[in-house]
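Just so you know, we're using this note's numbering here: the sequence shown kicks off at 7 and counts up by one.
Note that beta-carbon positions come from the ideal geometry of N, C-alpha and C, so glycine has one too.
None of these values were measured; they are calculated from a predicted model.
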Amino acid sequence: MSTQRGNASRTRAQKHKNRHVFKNDLHDKTPQQIRLNKMHVSTVCQRCKEVIEWKIKYKKYKPLTQAKTCARCQQRTVRKAYHVICRDCAVKDHVCAKCLKSADEVAIEAPEPTPQEEQQLQVEMDRLIKSFSERKRRAFLRFMEKGRKQETEESTELDEEAREAQEKATRVRHTREELLEKIKQLNLAGEADEDDDEDDDDSDLDSDLDSQNCDSDCDEDSEEEQQTTKTKDRLANK
């Protein structure tokens, strides 16, 4: 790149390139680093989310040692680094917790549920799937436990095991709307199975009736044949 003023473009490729992708936990297996890699960035816009994820990926993220003061409610309730307002204020005002942009301007990542909300959601889901069969109940529990894949940039230099570990670490919990949609799909599938069973029963009943009618017709034909043979024998004897 030239030092000429205004000349910020470069035609050649990057001169020095890493042979291997950077791994933030290669020599750091501490619980804090593991927790950061599993952390789901929420209540922020897409741009701020990418910035925070970049800091986590390249070990530039500096977590808070104590809670900060919220810029809205003026309480020490900000527990995440780089956020300027707390979770409750961000959810109530529908703004990004980092850059304070409104939800009308940018799309904001949905907040993570609190432990109380998770417990209420678990109780509600248990009540809704209580009438399910064992197969459908297990299928829903697997869907709920697996979570959904978080959209991240895929690295082509990772091997298969590292890619699977990264995908597992970046999975997040399903929202309440997604779980209700899954329950609706299982209910519709159950109704379709019941209709198929009824159709099979009707077809079996029709086939039984047809076979009975065929048997009765065959018996009548055999009786008529026996009578005709008897009359022929009598005429031959005379």
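C-alpha distance - residue i paired with residue j, whole-angstrom precision
i      : j      : result
Thr71  : Pro119 : 22 Å
Arg182 : Ala19  : 47 Å
Lys29  : Ile58  : 16 Å
Val97  : Lys152 : 26 Å
Phe138 : Cys76  : 45 Å
Val90  : Val84  : 7 Å
Arg93  : Gln81  : 12 Å
Ser108 : Ser48  : 15 Å
His100 : Pro117 : 11 Å
His46  : Gln191 : 27 Å
His180 : His22  : 41 Å
Lys44  : Pro37  : 11 Å
Met131 : Ala195 : 18 Å
Arg16  : Asn24  : 20 Å
Asn193 : Lys104 : 41 Å
Trp60  : Arg41  : 15 Å
7 Å Cβ shell around residue i - same chain, five flanking residues per side excluded
i      : result
Lys188 : Phe146, Phe149
Tyr64  : Phe28, Asn30
Ala288 : The question about residue 288 has no answer, for the chain in this structure spans 7 to 244.
Beta bridge counterpart(s) of residue i as assigned by DSSP
i      : result
Val178 : Arg154
Val84  : Lys74
Val57  : Paired residues: none, contrary to the question.
Val101 : Ser108
Cys79  : None, per the DSSP bridge assignment.
Cys51  : Ile114
C-beta neighbour in chain E for residue i, strict 7 Å
i      : result
Pro117 : In the displayed structure, chain E is absent; only one protein chain is listed.
Distance cut-off 6 Å: residue i Cβ against heavy atoms of the ligand NAP
i      : result
Leu186 : For the structure depicted, the ligand NAP is absent and the ligand set is empty, with no information on it obtainable.
Beta-carbon proximity list for residue i, same chain, < 8 Å, skipping 5 on both sides
i     : result
Arg78 : Ile91, Cys92, Cys95, Asp99
**Request:** Can you check the stretch 109-163 for any alpha helix (DSSP H) of at least 4 residues that lies completely inside it and give the ranges in chain order?
**Result:** 121-134, 140-152
**Request:** Pick out the complete beta strand (DSSP E) segments inside the stretch 13-44, 3 residues or longer, and give them in chain order.
**Result:** none
**Asked** Is the stretch 50-57 touching the stretch 94-113 in the sense that three or more CB pairs, one from each, lie closer than 8 Å?
**Response** yes
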